[in-house]
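J.: In UniProt numbering, the protein residues as written are 1 to 138. By construction, the Cβ of each residue, glycine as well, lies at the ideal position given by its N, Cα and C atoms.
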Amino acid sequence: MRSNDSRKAITLSNLSKSNVASPSIIPSCSCNADSGENSWTLALPSVSTGEVLVTESSLVQEDIYAELWDRIKNIGGSSYGDCARRILRKLMNDEAVIGFNWKGQQGKHALSSFVLMDIVKKSVQNQFGKKCNENLLR
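1) Measure the beta-carbon distance from Arg86 to Gly77 and round it to whole angstroms, keeping in mind my assumption that it falls under 8 angstroms.
2) Please go through the same chain and pick out, in chain order, the residues whose beta-carbon is closer than 8 angstroms to the beta-carbon of Ser58, but skip the five residues on each side of it.
3) In the DSSP output, what is Phe100 paired with across the bridge?
4) Mind checking which residues open and close the alpha helix (DSSP H) that includes Gly81?
5) Mind checking which residues open and close the alpha helix (DSSP H) that includes Ser57?
6) Are Ala96 and Val47 touching if we call contact CB-CB under 8 angstroms?
7) Mapping DSSP to helix, strand and coil, what is Ser39?
8) How would you label Gln106, buried or exposed, when you count the other beta carbons within 10 angstroms and need 16 or more for buried?
9) Taking the alpha carbon of Lys108 as the reference point, which residue from Pro45, Glu67, Leu53 has its own alpha carbon closest?
10) DSSP beta-bridge partners for Ser46?
11) If you follow the alpha helix (DSSP H) that Phe128 is part of, which residue opens it and which one closes it?
12) Quick one: using the 10 Å Cβ neighbour count with 16 as the cut-off for buried, is Ser112 buried or exposed?
13) Buried or exposed: Glu51, going by 16 or more other Cβ atoms within 10 Å of its Cβ?
Laid out in structure tokens, this is it:
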């Protein structure tokens, strides 16, 4: 085994307890397909509720929406739920999801009304093709 932790699986609870770089430290740049680099405008996963809200509000811009779609469209899983969980883990960590629930009850934000969830749904449908039923994703 190697001495570094590069091969260690990171769970959401480990990620929220570790030293995650603040968004101001992560360089912001645009995607450049010509140079072969993968550089992104959005810093993911979001580490706070505020960052998720900023990401959600920026999805009205077509280039940001397309960037996020490009980043998550190939994330798969063994089931619909597994695929959705894996995508959500790429989008936000444990600290960020504290301020959300599906219906927006108890003073939290409603994820069901977010454009972000439409992208997650579209990505799951992309992975499972014709097998994916609209009712399974509600």
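T.: Working from what's here:
1) 5 angstroms
2) Leu42, Ile64
3) His109
4) 80 to 91
5) 49 to 58
6) yes
7) coil
8) exposed
9) Leu53
10) Met92
11) 115 to 128
12) exposed
13) buried
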